[in-house]
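Sequential numbering of the sequence shown, starting at 1124, is according to this note's numbering.
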Amino acid sequence: MDLIHDIPALRARLAREDSIGFVPTMGNLHDGHIALARLVRAHATCVVVSIFVNRLQFGPNEDFDRYPRTLADDCARCEAAGVDVVFAPDETVMYPAPQTTTVDLPDIQHILEGQVRPGHFRGVATVVLKLLNMVQPHLAVFGKKDYQQCRVLANMVKQFDVPVELLLMDTVRADDGLALSSRNRYLSAAERKEAPALFATLNEARRRLLAGERELAVIERDSVFALTSRGWKPDYVAIRRQSDLREPAPGDRELVILAAARLGSTRLIDNLEVKV
Ligand code: PAF
């Protein structure tokens, strides 16, 4: 496996490949990332994983500085998973000058996560477009745990005619249901025990939808209350349509329940698709 830090070396290494699959990450890899790499492995002859903690997508009071940086461990995990190239640029490679040209996606970037984290999706879309230009993969994979991110990036690829196929992979979960996330490592032992309650709350909302309830606001409110009464600080529980994350119109059948909530000082997000 090759560990590459700069763009000319990356281009030279990938020039001889005819099918490149790409997994963009911020590192601190867990089984969810490895599952993404294995999925790509089945579709491409060369698997590239990028590792870059992207300052642009963190708000001023977020965890950019304390975000875990574990490059040596990440490379070992990639090597074991059959990854061919780890691309780990530093900030001087990614942002040699202030990034004044950015990608903005009106509407979707301002709702849900975008409302709580202004500028987040501009940072995500901008770095992913840069990474796609650097790696020039045939296909790239993203995890559905970051559901809104998947929608934002699918829009971007479509609107800019980026020549890449996107694969979206189902969330990988621990046995107790907790969605795997690099941020889970911030949880104390007691919080880790409590954390599956987020997924349980989504499942309860899903059960009610499948049972025929259509007062979405009531289900959302009850879900927020359920979390709050267990000591969580929810930002939102929202039932939206899958296609554009807008409020469902009567007759929309493909829905997704999205939630973001703080447990202690750790903010967790999760979601669950439901076809009613
Ligand atoms: O999902 C992530 O880890 C990041 O948002 C991504 C896509 C690597 C962009 O920095």
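C-beta: ideal position from N, C-alpha, C; glycine also.
Just so it is clear, the structure is predicted and the values come from calculations on it, not from any experiment.
Nearest to Ala1383 by alpha carbon, out of Met1149, Ala1302, Phe1210? Ala1302
What are the residues that DSSP puts in a beta bridge with Ser1173? Pro1147, Phe1210
Excluding five sequence neighbours on each side, which residues of the same chain lie with their C-beta closer than 6 Å to the C-beta of Tyr1309? Thr1389
By DSSP, does Phe1265 sit in helix, in strand, or in coil? strand
Quick check on the DSSP output: what are the complete alpha helix (DSSP H) runs of length 4 or more inside the region 1194-1260, in order along the chain? 1194-1203, 1214-1217, 1236-1239, 1243-1258
Check for me: the beta strand (DSSP E) holding Leu1291 runs from which residue to which? 1288-1292
Does any heavy atom of ligand 1 sit closer than 7 Å to the C-beta of Asp1299? no
Counting Cβ pairs closer than 8 Å, one from the region 1281-1291 and one from the region 1255-1270, do we hit at least three? yes
For the alpha helix (DSSP H) holding Val1275, just list the boundary residues, first then last. 1270-1282
Please find out if some non-hydrogen atom of ligand 1 comes closer than 7 Å to the beta-carbon of Gln1232. no
Could you work out which residue in Gln1365, Asp1358, Ser1173, Arg1240 is closest to Val1251 when comparing CA atoms only? Ser1173
As assigned by DSSP and simplified to three states, the class of Pro1319: coil
Reduced DSSP secondary structure (H/G/I, E/B, other) of Ala1340: helix
Please confirm whether any heavy atom of ligand 1 lies closer than 7 Å to the CB of Met1292. no
First and last residue of the uninterrupted beta strand (DSSP E) at Asp1393: 1389-1398
Could you check whether the Cβ of Asn1177 sits closer than 7 Å to any heavy atom belonging to ligand 3? Of the ligands this structure carries, namely ligand 1, none is ligand 3.
Three-way DSSP call (helix, strand, coil) for Tyr1470 in this model: The structure shown has nothing for residue 1470, since the chain only spans 1124 to 1399.
Please say whether Leu1391 and Ser1079 have beta carbons closer to each other than 8 Å? Nothing about residue 1079 can be reported from this structure: the residues present for the chain run from 1124 to 1399 only.
Tell me whether Met1217 counts as near ligand 1, meaning its Cβ is closer than 7 Å to at least one heavy atom of that ligand. no
Report yes or no: do three or more beta-carbon pairs, one from the region 1197-1210 and one from the region 1320-1329, lie closer than 8 Å? no
By alpha-carbon positions, which one of Gln1238, Leu1126, Leu1179, Asp1298 ends up nearest to Gly1246? Leu1179
Beta-carbon within less than 7 Å of Lys1253's beta-carbon, same chain only, minus the 5 sequence neighbours each way: which residues are those? Met1217
Express the C-alpha separation of Asn1151 and Gly1144 in angstroms, rounding to a whole number. 20 Å
Candidates Thr1294, Arg1192, Leu1255, Ala1135: closest to Asp1154 by CA position: Thr1294
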